[in-house]
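Numbering (the UniProt record's numbering), first residue to last: 1 to 270.
As structure tokens, the structure follows; a few thoughts come after it.
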């Protein structure tokens with residue numbers, strides 16, 4: 001996600017008061033931190049936001065004072081604070097999707113014996129809000145918020161296939177269609193063709209497109225208005241998930257997605 005637009009918007013809009021501008025600038029700084037860039041220096045933040053160094057110093061000091069970011073004492077870099085994790089856990093605990101879907105996610109895991117993911121689109125990527133997998137001795141569930149690209153995962157493509165063309169193209173442009181494996185679809189035409197097939201059959205396949213050795217099958221979840229906003233998937237090692245098994249699992253995954261959708265108020269009309 002690019003941080004400059006949000007910061008520039010705050011500076012350009014003369015109708016906003018100083019407090020609102022400051023809020024947008026703080027949000028732009030927080031947006032810089034990702035799983036790939038978990039620790040950033042002042043210089044990094046200046047380059048990523050386009051804001052003056054003095055402004056970044058002031059914002060970072062404020063965010064640190066309220067616990068939203070921490071400083072690494074050895075490297076003097078900054079990272080998101082534990083208070084952000086607390087806020088995230090509160091969000092997850094109060095999501096209608098998470099509350100209604102969890103029994104169905106667990107049931108799908110028990111039926112298939114494979115990892116099950118529940119993802120929700122946040123405006124730019126798919127955010128994992130529930131995961132069920134069998135550990136060595138017990139069932140484990142998601143304890144950290146994770147994100148997945150849309151164009152090369154079954155959860156992402158199951159969502160993307162049913163969206164308007166302008167949203168598909170925007171997300172593809174933002175993500176860049178980077179080649180994550182030799183099987184990744186890296187052109188918009190190839191992606192659009194795959195999304196058309198997904199719409200026709202009702203489920204998406206990740207055929208080692210995101211990670212070599214992993215195959216997944218996902219289906220879309222609808223809200224009470226019938227709008228697709230999330231998806232559920234089953235994932236496993238490629239040797240245990242040949243395409244024939246993927247096709248066999250697809251009806252069960254679709255059924256699970258539909259059950260969750262009905263829990264959320266969907267009337268069954270596609």
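For each residue, glycine too, the CB sits at the ideal point set by N, CA and C.
Note that the structure is a prediction, hence the values are computed from the model and not measured.
Candidates 238, 129, 201 and 78: closest to residue 300 by CA position: The question about residue 300 has no answer, for the chain in this structure spans 1 to 270.
Along the chain, where does the beta strand (DSSP E) that runs through residue 118 open and close? Note, residue 118: beta strand (DSSP E), 115-121.
Out of 28, 240 and 230, which one is the CA nearest neighbour of residue 123? Comparing Cα positions, the closest option is 230.
How about residue 203 and residue 168: are their beta carbons less than 7 Å apart? No, these two residues do not count as a Cβ contact at 7 Å.
What does DSSP give as the partner residue(s) for residue 61 in the beta ladder? Under DSSP, residue 61 takes part in no beta bridge, so it has no partner.
Under a three-way DSSP split, which group does residue 86 fall into? Looking at residue 86 - three-state DSSP - the assignment turns out to be helix.
Verify whether the separation of the beta carbon atoms of residue 238 and residue 217 is less than 7 Å. Taking 7 Å as the Cβ cut-off, residue 238 and residue 217 do not qualify as a contacting pair.
From residue 126 to residue 63, what distance separates their C-alpha atoms? Straight-line Cα distance between these residues: approximately 26 Å.
Label residue 20 either buried or exposed according to how many other C-beta atoms from any shown protein chain fall within 10 Å of its C-beta, with 16 as the threshold for buried. Classification for residue 20: exposed.
Roughly how far, in whole angstroms, is the beta-carbon of residue 116 from the beta-carbon of residue 232, given that I think they are within contact range, below 8 Å? 7 Å between Cβ atoms; contact.
Suppose you measure from the CA of residue 107 to the CA of residue 36; what does that come to, to the nearest Å? Spanning the alpha carbons of residue 107 and residue 36 requires a straight line of approximately 32 Å.
Taking the C-alpha atoms as reference points, what is the distance between residue 242 and residue 54? Whole-angstrom Cα-Cα distance: 56 Å.
Three or more C-beta pairs under 8 Å: does that hold for the stretch 163-178 against the stretch 198-215? As far as the Cβ criterion goes, the stretch 163-178 does not touch the stretch 198-215, which means the pair count is below three.
Between the beta-carbon of residue 119 and the beta-carbon of residue 264, is there less than 7 Å? Taking 7 Å as the cut-off, the beta carbon of residue 119 is found no closer than this to the beta carbon of residue 264.
C-alpha gap between residue 121 and residue 40, whole angstroms: Near 26 Å, if we compare the C-alpha coordinates of residue 40 and residue 121.
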